[in-house]
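In what follows, a single structure is set out as structure tokens and then discussed.
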Amino acid sequence: MTSLVQSDLEPMLQAVRLAAQLCQEVQRHYLIENQKEGHEPVTIADYGSQAILARAISLAFPDDAIIAEESATQFLQAVTEAQRAQIVRLVGQVLGEPVTEADMIRWLDHGRNRNVPRTWVIDPIDGTIGFLALRSYAIAVGVLENGQVSAALMGCPGYGAGRIFYAVGGVCYAMPLEQGQAMQVFVSQRVPPETMRVVESYESSHADHPAMARTYVEAGLNVMETVRWDGQDKYAMVACGDAELYLRISPKPDYRAKIWDHAAGAALVLAAGGMVTDAKGVALDFSQGQTLPPGRVVVASNGRIHEQILHALARLGI
Ligand code: AMP
Ligand code: MG
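Numbering (our numbering), first residue to last: 1077 to 1394.
Pasting the structure below:
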């Protein structure tokens, strides 16, 4: 396996654009909440987006593995026959070619359970709750090479006029969602006492907002702007210098995060010159299958304020 270079990502950038088109179409005209196992919300767009991304991987990188949030089994259980016909038709429309339900099912499970050096980690709609509430969401694709996060693509339809971020070869880029020039982006150089721009989950069931507020005070971030936002755009905001800190403290003490909630975002921040660690300052371990090791804290920052946040967490016993 040779490491990916920028031109390798072209077909995937196109797939992220098409997945975003599909998500926007469903959000505008066909938005219905379904339930999957564990009473989690899901929509036909989650399945459509994953099918488009996995299809592109199957064509451009046929031997690679995929770890993705959705599955063909769930598709058949969570979605009615009429809804399945609808999403098959919409995926066909976006791809501009005939698509059958059998194609969708094949793409959804493509690359599963393969033990090969490169794995694509997909969250087809990260922030489904935000998607359903007409707030924000991200289409997140991370790449692991030998268990290390090495590249990523992230479609963010709700970030400004819509943007794509991607990272490859240790460089992070941003470009308009539709078409346009990619520009290299970097984390911000700000430190206190300058205004610290902090991003955190919108959902209080995903983030212990009071514990996070205590951490900011303890770390001495006195002048702050806090934004609550769904999906992994929060990592992209740190990567491109729109925020200095994304702190995530789960309300559940032994929470095991899914790797697809963090792989793409972590790759962006690292390639842009920032840091992403747990509460102890240890890099996130993406090599253990579907989940990260237990831990309620993720700190993504511009690097310059990272130590300050870790010390504050330690003093607070978080
Ligand atoms: P966000 O958009 O930042 O709220 O993050 C969305 C992700 O939070 C979802 O994809 C879930 O996998 C994840 N999530 C669900 N429950 C929890 C929890 N108790 N603690 C932390 N994250 C969670
Ligand atoms: Mg997610």
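Ideal Cβ positions, reconstructed from N, Cα and C, are used throughout, including at glycine.
{"Query": "Decide yes or no for the touch test of the segment 1218-1232 against the segment 1284-1302: beta carbon pairs closer than 8 Å, at least 3 of them.", "Result": "no"}
{"Query": "Using a threshold of 7 Å, is the CB atom of G1307 nearer than that to any non-hydrogen atom of ligand 1?", "Result": "yes"}
{"Query": "Extract the residue ranges of the beta strand (DSSP E) inside the segment 1158-1208, only unbroken runs of 3 or more that lie entirely within it.", "Result": "1194-1202"}
{"Query": "Ligand 1 and S1281: does any heavy atom of the ligand fall closer than 7 Å to the residue's C-beta?", "Result": "yes"}
{"Query": "Less than 7 Å separating the Cβ of W1196 from some heavy atom of ligand 2?", "Result": "no"}
{"Query": "Less than 7 Å separating the Cβ of W1336 from some heavy atom of ligand 2?", "Result": "yes"}
{"Query": "Roughly how many whole angstroms lie between the Cα atoms of I1240 and K1328?", "Result": "31 Å"}
{"Query": "On a CA-only basis, which of T1078, T1271, L1344, E1101 is nearest Q1169? Give me that one, please.", "Result": "E1101"}
{"Query": "Residues in the same chain with beta-carbon distance under 7 Å from G1223, minus the five sequence neighbours each way, listed in chain order, please.", "Result": "F1362, S1363"}
{"Query": "Let me know the alpha helix (DSSP H) ranges lying completely inside the segment 1330-1369, each 4 residues or longer, listed in chain order.", "Result": "1339-1347"}
{"Query": "I need the boundaries of the beta strand (DSSP E) containing A1216, first residue and last residue.", "Result": "1214-1221"}
{"Query": "Put P1117 into one of helix, strand or coil per three-state DSSP.", "Result": "strand"}
{"Query": "Would you say P1327 touches ligand 1, meaning its beta carbon is less than 7 Å from a heavy atom?", "Result": "yes"}
{"Query": "A1096 to Y1292, Cα distance in whole Å?", "Result": "34 Å"}
{"Query": "Check whether the Cβ atoms of R1465 and Y1322 sit closer than 8 Å, and answer yes or no.", "Result": "Residue 1465 lies beyond the range of the chain shown here (1077 to 1394); nothing can be said about it."}
{"Query": "Identify whether C1248 lies in helix, strand or coil by the three-state DSSP scheme.", "Result": "strand"}
{"Query": "Could you give the distance in angstroms between the alpha-carbon of A1258 and the alpha-carbon of M1288?", "Result": "34 Å"}
{"Query": "I need the DSSP call for I1142, collapsed to helix, strand or coil.", "Result": "strand"}
{"Query": "How many whole angstroms separate the CB atoms of G1357 and V1314, which I take to be in contact at a CB cut-off of 8 Å?", "Result": "Not confirmed; about 16 Å, so no contact."}
{"Query": "Can you tell me which residues form a DSSP beta bridge with F1241?", "Result": "M1230, A1250"}
{"Query": "The alpha helix (DSSP H) with M1088 in it runs from where to where?", "Result": "1086-1105"}
{"Query": "Can you give me the Cβ contacts of R1211 inside the same chain, cut-off strictly under 6 Å, excluding the 5 residues immediately before and after it?", "Result": "D1306"}
{"Query": "Taking 7 Å as the cut-off, is the beta-carbon of A1209 closer than that to any non-hydrogen atom of ligand 1?", "Result": "no"}
{"Query": "Whole angstroms are fine: how far does the CA of A1161 sit from the CA of E1383?", "Result": "51 Å"}
{"Query": "Quick check: the Cα distance between I1142 and P1269, rounded to an integer number of angstroms?", "Result": "43 Å"}
{"Query": "Quick one: what's got a C-beta closer than 7 Å to Y1278's C-beta in the same chain, skipping five residues either side?", "Result": "G1206, R1211, R1304, W1305, D1306"}
{"Query": "If I follow the unbroken beta strand (DSSP E) through T1271, where does it start and stop?", "Result": "Unbroken run through T1271: none, as it is neither H nor E."}
{"Query": "Considering only DSSP beta bridges, list what R1304 is partnered with.", "Result": "E1276"}
{"Query": "Starting from Y1322, trace the alpha helix (DSSP H) in both directions and tell me its first and last residue.", "Result": "Per DSSP, Y1322 belongs to no alpha helix (DSSP H); it is in the beta strand (DSSP E), 1321-1325."}
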